[in-house]
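For what it's worth, our numbering labels the leading residue of the sequence shown as 225, then goes sequentially.
Even for Gly, the Cβ is constructed at its ideal location relative to N, Cα and C.
Okay, structure first, notes after.
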Amino acid sequence: CLLHISARDFSFVAEHHLSRLFEKIAFHRMKVNMMRNTAISFSISVNQDKAKIAAFENDISDQFKLVKDMDLELITIRHYNELVVDQMKAGKVILLEEILKNTHRMVVKDVPLMIRK
């Protein structure tokens with residue numbers, strides 16, 4: 225599951241926001257697989273546990289807006305090459321991607337068959 229979090233008051237997602245979010249993530253024992261922070265949003269890939277996600281959303285809803293992308297796949301390729309990456313991307317939409325020296329990680333969603341070329 226990919227959770228996109230932004231402040232309800234349209235302010236920047238600052239350190240005090242992140243502190244509160246990490247406190248709630250820890251409280252609900254959510255496993256973060258990947259994360260991305262920008263000035264106006266914070267996105268995390270977590271294991272899809274609907275009860276934990278609902279409780280987390282309830283706890284932060286006073287201050288944050290949460291958009292959920294469910295039923296996703298996390299792909300991690302160690303010692304990757306472009307051929308393998310291209311094969312793993314086939315038929316998928318990439319929602320979050322991280323490329324390091326030896327590791328390529330992607331949160332992806334299958335493209336419906338009727339949309340594929």
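For residue i, tell me which candidate among the options has the shortest Cα-Cα distance.
i, options, result
"Ile229", "Glu297, Ala275, Lys274 and Glu281", "Glu281"
"Thr327", "Met258, His241, Arg253 and Asp233", "Met258"
"Leu189", "Phe236, Ser235 and Leu319", "For residue 189 there is no data in the structure shown, the boundaries of the chain being 225 and 341."
"Phe251", "Val308, Cys225, Val335 and Ala279", "Ala279"
Is residue i near the ligand PLP, in the sense that its beta carbon is under 7 Å from a heavy atom of that ligand?
i, result
"Val331", "Of ligands this structure carries none, so the ligand PLP is not represented either."
Could you check if residue i is buried or exposed, using at least 16 other CB atoms within 10 Å of its CB as the buried criterion?
i, result
"Val270", "buried"
"Phe288", "buried"
"Leu324", "exposed"
"Ser235", "exposed"
"His241", "buried"
Taking 8 Å as the limit between beta carbons, can you name the residues of its chain near residue i, skipping five residues before and five after?
i, result
"Ile284", "Ile229, Arg244, Leu245, Lys248 and Leu290"
Residues in the same chain with beta-carbon distance under 6 Å from residue i, minus the five sequence neighbours each way, listed in chain order, please.
i, result
"Tyr304", "His328"
"Phe266", "Ile229 and Val237"
Skipping 5 residues on each side, what residues in its chain have a beta carbon closer than 7 Å to that of residue i?
i, result
"Glu322", "Met258 and Arg329"
"Leu226", "Ser267, Ser269, Asp293, Leu296, Leu319, Leu320 and Val331"
Any contact of the region 252-263 with the region 301-314, i.e. 3+ C-beta pairs under 8 Å?
Cβ pair count under 8 Å is below three, so no.
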